[in-house]
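Undergrad:
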Amino acid sequence: MPASAGACPEGSEDSFGSGSEVAEETGLSDESDDTEVLLPHVVLSLEGLCVSIRRTPGTRDRGVQILEDVTAQVQSGDVLAIIGGSGAGKTTLLDAVSNESKARCERQGRVQLNGRELSRRIFRKSCAYVAQADLLCATATVREALEFAAALYQGTRSCRSNAAAVDGLLQETGLSACQRVLVGDGALIPGISGGQRRRLSVAVELLKRPTVLVLDEPTSGLDSAAAEAIFCILRRIAQEKQIAVMCSIHQPSSHIFQLFDRLLVLSSGRMCYFGAAQEAAAHFTQMGFIHKAGVNPAEFLLRATNTDFCSVQQVQRICDIWDHHKAHTSREIAETNQRWSEQTLREGRRWRPPEPNHRPAPCWRQVQLLYMRALKSHVRSPIAFVGRVALSCSLVSFVMFAYSGARQRAQTQILDRVWALVWLQQLPAFLCVGAVPKFTSEHGCYRKEVTNGLYRPLSYFVADACVNVPLWLVLSFASTLCGFAVIGSAVFNWGNFFHIWLLISCYVGWHDTVAQLCGTLFTSMAMGTMVFMLQIIMNMVFNGTLLTRKDDVSVAIRWLFSVMPSTYSFRSGVYLEFHGLTFDGFKECAEAARDGPVSHAPCFGERGLDVLDVLQATVFPVLTTEDTLTETLAVIIGEMALLKLMHALVLVQISW
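Right, here's the structure in full:
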């Protein structure tokens, strides 16, 4: 931990590289003299940045201004801190820099990196963003999370170098003691504390060694010593690796304040000050605000600019005074960007974003690492794999036990046999609802990792499919086997077990894909779960059991019979079960029917296909006496492919 303000412990060269390595990678060695004026490795500039919430269509509302004409700059080797009271616009400013789109928000002004517009693609390649929410893989240990990031961010480095970097970060962030503990989600999976999660989020992005590092409240939830250690790391990495660091921070200590190079003070979306951090107090003193000795400069500035504790007129006066100083700042930023443009033209090369220190892992390596992480996640998460298999087997076994009267192949048990088969298909599909919360949290983590360039959407999509397809097969096999075993060999058609298992696997896969899509489209777990349950109800209503007469249904919704996969799975499943079987009691039933007008028992048929013929004519018109398994699998897999395509488009859209 730092012993005094502004003094941080020396880091090991193995963790982040030596100074000579920095000079070689950034092209800033003493021997280079390509330009008349030696420019920094990277300069991030904000010019007249404004963010507002768009007005509602059809009203006179002109919108709410969140940020107004913010102009600032940070260059490699410097730490720019953004402070301000609640609602000052700190997070909005960082979201605008990182191109994090918000609903109904409109951005104006310029955000430039080395004189060029900072697009989302350039940010993903050369920069990193640590959001206020810690989005991490809950089923990975602390060390595994860092090793995963090191292997992907630093794909061209040796395993030994990456291991040294991970060990160094674990030591310097104080995470060594919990390196074997799962990250956790705070609910089903116990894990590390909130402060440790925060330090881990920062450490993960430091492994990328970006040219620009943007952090939103990196010290949130940390004690003063841990917070100071984080900023010591940021300060040292900024200087050694020539990284430009921009961060918002809530009420920094006086020790942390000494580590700031540049300071931006915001209040109600307007600028109160921008410049050297150590000159901020003197600027406010010139306006008549006396900074008493021994008072934390950050507390002094926040007290003078927070409209919750001082008059609005006072803050407006401070902002108006700074507006007169803004012209000088804007001129300096414009001159710097102009020099970058002139240097690019003079060297006769095409402008490219600053390259990170090492190239990321190739696609095949990304797929491999994502596959292994997803596999561990399914094994370790209670609702991902083991829990779903156990719950599916238990529920199917219980329901099949309730239908144990259908063990006799009798005329009176034919309808119960049909319903037992319906529940054998539907119950494992129902339980896919437990995957919606998992996919929702997983999607938040995915969005953060793809935005920061950890891996490509295609790599995630391929790895996800490689993990989930075997899961569907194992899940359906376990539940189908339990159902067959509980009712007994005398009931279900074991000769068609493989085909029934394949059918249920595809049906479960269809529902699991819908669950994944719901978790991706809706940030709210409750909303995603409700939408998933809606399609479950639709599948039950339009599968041909509860609503049997298709022609009696309104034309407006009749097409649902042809879309819902449950219609096809029910039809093929019943055929596979009844084909090749014989049922007792048909002759007695037929004789009883001839003897009197009322039969005391239903009379369907002796052979399975005869039973299907009667069921189709009297009870379930959707049934057929023909083998439609190929058509059913083609329909379900085709619809699943369309859902997967929709999911892939959503994933790709995030990376644009």
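If you're matching positions, the sequence shown starts at 1 in the UniProt record's numbering and goes up one per residue. Built from N, CA and C at the ideal position, the CB exists for glycine as well. Only a predicted model underlies this, so the values are computations on that prediction, with no experimental measurement involved.
1) I'd like the list of long-range same chain contacts for F439, defined as Cβ closer than 7 Å, with 5 residues on each side in sequence excluded.
2) State the beta-bridge partners of M246 as determined by DSSP.
3) Can A590 and C603 be called in contact, C-beta distance under 7 Å?
4) So what does DSSP say about V183, is it helix, strand or coil?
5) Let me know the secondary structure DSSP gives S45 once reduced to three states.
6) For the alpha helix (DSSP H) that E106 lies in, which residues bound it at each end?
7) Give me, in chain order, the residues of the same chain whose beta-carbon lies closer than 8 Å to that of A96; leave out the 5 immediate sequence neighbours on both sides.
8) Output the boundary residues of the alpha helix (DSSP H) element that contains A402.
9) Mapping DSSP to helix, strand and coil, what is S554?
10) Check the DSSP bridge columns for R365 and list the partner residues they point to.
11) If you draw a straight line from the C-alpha of K241 to the C-alpha of R380, how long is it?
12) For S267, name the three-state secondary structure that DSSP assigns.
13) From the DSSP output, in three-state form, read off S52 for me.
14) Using the three-state DSSP reduction, which class does G275 fall into: helix, strand or coil?
15) Which one or two residues does DSSP pair with C127 in a beta bridge?
16) Measuring only the C-alpha atoms, how far is W559 from D551?
17) Considering Cα atoms alone, identify which of E228, Q316, A334 and H250 is closest to A298.
18) Would you mind sorting F398 into buried or exposed? The rule is 16 or more other CB atoms within 10 Å of its CB.
19) Just to confirm, are R199 and T173 a CB contact at a threshold of 7 Å?
20) Quick check on DSSP: helix, strand or coil for D584?
21) Taking 7 Å as the cut-off, decide whether the C-beta atoms of C204 and A244 are in contact.
22) Spatial neighbours of R180 within its chain, please: C-beta separation below 8 Å, excluding the five flanking residues on both sides.
23) Does DSSP classify I189 as helix, strand or coil?
24) Using the rule of at least 16 other Cβ atoms within 10 Å of the residue's Cβ for burial, across every protein chain shown, is G638 buried or exposed?
25) Comparing C-alpha positions only, which one of T529, R262, W423 and T523 sits nearest to G483?
26) Who does T141 pair with in a DSSP beta bridge?
27) Whose C-beta lies closer than 6 Å to the C-beta of N99 among residues of the same chain, with five residues either side of it excluded?
28) Taking the C-alpha atoms as reference points, what is the distance between V652 and Q154?
29) Under 7 Å, do V79 and F260 count as touching if we go by C-beta distance?
30) Just how far apart, CA to CA, sit L458 and V450?
31) With a threshold of 8 Å, are at least 3 pairs of Cβ atoms found where one atom belongs to the stretch 144-163 and the other to the stretch 369-379?
32) Our contact map puts A282 next to Y273 with C-beta atoms below 8 Å; I'd like the distance itself, whole angstroms only.
33) Count the C-beta pairs between the stretch 191-198 and the stretch 217-235 that are closer than 8 Å, then say yes if the count reaches three, no if not.
34) If you reduce the DSSP assignment to three classes, tell me which class E25 lands in.
35) Work out the CA separation of K208 and A128 for me, nearest whole Å.
36) Among the residues of its own chain, which have a CB less than 8 Å from the CB of G109, if the five just before and after it don't count?
TA: Inspection of the coordinates gives the following:
1) Reading the sequence shown from its first residue, position 439 is the one you call residue 439. Contacts found: A515, Q516, G519 and T520.
2) Against the sequence shown, residue 246 aligns to sequence position 246. M246 pairs with L80 and V214.
3) To locate residue 590, count along the sequence shown from 1; it is residue 590. To locate residue 603, count along the sequence shown from 1; it is residue 603. Taking 7 Å as the Cβ cut-off, A590 and C603 qualify as a contacting pair.
4) Here residue 183 refers to the residue found at position 183 of the sequence shown. Reduced to three states, the DSSP call for V183 is coil.
5) If you number the sequence shown from 1, residue 45 lands on position 45. Here S45 sits in strand by DSSP.
6) Sequence index remark: in the sequence shown, residue 106 carries index 106 (1-based). Unbroken run through E106 is the beta strand (DSSP E), C105 to L113; no alpha helix (DSSP H).
7) Position 96 of the sequence shown, counted from the first residue, corresponds to residue 96. Result list for A96: L49, V51, L67, R107 and V111, in chain order.
8) As a first step, residue 402 is located in the sequence shown; it is residue number 402 there, counting from the start. Where A402 is concerned, the enclosing alpha helix (DSSP H) stretches over V386 to A402.
9) Your numbering for residue 554 matches position 554 in the sequence shown. The answer is coil: DSSP assigns S554 none of H, G, I, E or B.
10) Residue numbering aside, residue 365 sits at position 365 when the sequence shown is read from its first letter. R365 is not bridged to any residue.
11) For the purposes of this step, residue 241 is taken as residue 241 along the sequence shown, with counting starting at 1. For the purposes of this step, residue 380 is taken as residue 380 along the sequence shown, with counting starting at 1. Here the C-alpha atom of K241 lies approximately 37 Å from the C-alpha atom of R380.
12) Counted from its first residue, the sequence shown places residue 267 at position 267. Of the three classes helix, strand and coil, the one that applies to S267 here is strand, per DSSP.
13) Counting from one through the sequence shown, the residue named residue 52 turns up at place 52. DSSP places S52 in strand when its eight states are reduced to three.
14) Taking the first residue of the sequence shown as 1, we reach residue 275 at position 275. Here G275 sits in strand by DSSP.
15) Sequence index remark: in the sequence shown, residue 127 carries index 127 (1-based). For C127, which the question treats as bridged, DSSP gives the partners V212.
16) Sequence index remark: in the sequence shown, residue 559 carries index 559 (1-based). Sequence index remark: in the sequence shown, residue 551 carries index 551 (1-based). Roughly 11 Å separates the two Cα atoms.
17) Counting from 1 along the sequence shown, the entry for residue 298 is found at position 298. The shortest C-alpha separation from A298 is found at H250.
18) Your numbering for residue 398 matches position 398 in the sequence shown. Exposed, by the Cβ-count rule.
19) Working through the sequence shown from its first residue, we reach residue 199 at position 199. Working through the sequence shown from its first residue, we reach residue 173 at position 173. Cβ atoms of R199 and T173: closer than 7 Å.
20) Start at 1 with the first residue of the sequence shown, and residue 584 comes out as number 584. Strand.
21) Within the sequence shown, residue 204 is the residue found at index 204, counting from 1. Within the sequence shown, residue 244 is the residue found at index 244, counting from 1. Sequence check: residue 204 is Val here, not Cys. The answer is no: Cβ separation not under 7 Å.
22) Along the sequence shown, one-based indexing puts residue 180 at 180. Only T141, V142 and R143 meet the Cβ criterion.
23) Residue 189 sits at position 189 when you count from the first residue of the sequence shown. Here I189 sits in coil by DSSP.
24) Here residue 638 refers to the residue found at position 638 of the sequence shown. G638 is exposed by the Cβ-count criterion.
25) By one-based count along the sequence shown, residue 483 stands at place 483. The residue with the shortest Cα to Cα distance from G483 is W423.
26) Here residue 141 refers to the residue found at position 141 when the sequence shown is read from its first residue. Paired residue(s): L182.
27) By 1-based counting over the sequence shown, the position of residue 99 is 99. So the qualifying residues of the chain are R120 and F123.
28) Translated into positions along the sequence shown, residue 652 becomes position 652. Translated into positions along the sequence shown, residue 154 becomes position 154. When rounded, the distance between both Cα atoms is 23 Å.
29) Your numbering for residue 79 matches position 79 in the sequence shown. Your numbering for residue 260 matches position 260 in the sequence shown. Taking 7 Å as the Cβ cut-off, V79 and F260 qualify as a contacting pair.
30) Taking the sequence shown and counting its residues from 1, the one referred to as residue 458 is at position 458. Taking the sequence shown and counting its residues from 1, the one referred to as residue 450 is at position 450. Cα to Cα, the separation comes out at about 11 Å.
31) yes
32) The residue given as residue 282 occupies position 282 in the sequence shown. The residue given as residue 273 occupies position 273 in the sequence shown. In fact, because the Cβ distance is near 10 Å, the residues do not count as touching under 8 Å.
33) yes
34) Locating residue 25 in the sequence shown gives position 25, counting from the first residue. Low confidence applies here, because E25 scores a pLDDT of 38, under 50, leaving its location unreliable and the question unanswered by this model.
35) What you label residue 128 is simply residue 128 of the sequence shown in a count that begins at 1. What you label residue 208 is simply residue 208 of the sequence shown in a count that begins at 1. Distance between the alpha carbons of A128 and K208: 8 Å.
36) Looking up residue 109 in the sequence shown gives position 109. The answer, listed in chain order, is L46, E47, G48, L49, C50, D69 and V70.
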